[in-house]
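Worksheet: the structure to be examined is printed underneath.
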Amino acid sequence: MSATMIPPHVRLANEIARQFEHKAPADAATAIANHIKTVWDPRMKRALVASVDAGADELDPVAVLAANQVRATLK
132 MSATMIPPHV RLANEIARQF EHKAPADAAT AIANHIKTVW DPRMKRALVA
182 SVDAGADELD PVAVLAANQV RATLK
């Protein structure tokens with residue numbers, strides 16, 4: 132096991148981002164954000180946005196774009 136574990140919300144966002152690698156980054160980010168907004172628990176959404184705010188280096192750049200779209204929908 133590695134010394135640094137990737138949080139589940141980061142790992143999942145990266146996995147989703149890989150599914151949309153064939154799209155342009157902006158289109159992929161929107162597709163990822165739509166999935167997250169529809170399927171993810173609010174706690175996971177907040178955790179993902181918090182990871183972006185903390186500078187999550189392990190997060191795919193397109194997932195960061197998606198997280199910023201998700202941010203706008205959080206209360």
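Okay, so the sequence shown: first residue is 132 according to the working numbering, each after it adds one.
Ideal placement from N, C-alpha and C gives every residue a C-beta, glycine not left out.
By the neighbour-count criterion, in which a residue is buried when 16 or more other Cβ atoms sit within 10 angstroms of its Cβ, A194 is buried.
Around the beta carbon of V201, 16 or more other beta carbons lie within 10 angstroms, which makes this residue buried. D172: not part of any alpha helix (DSSP H); DSSP gives it neither H nor E. Note that the C-beta distance between L196 and A144 is not below 8 Å. In the DSSP assignment, L196 falls within the alpha helix (DSSP H) that extends over P192 to R202.
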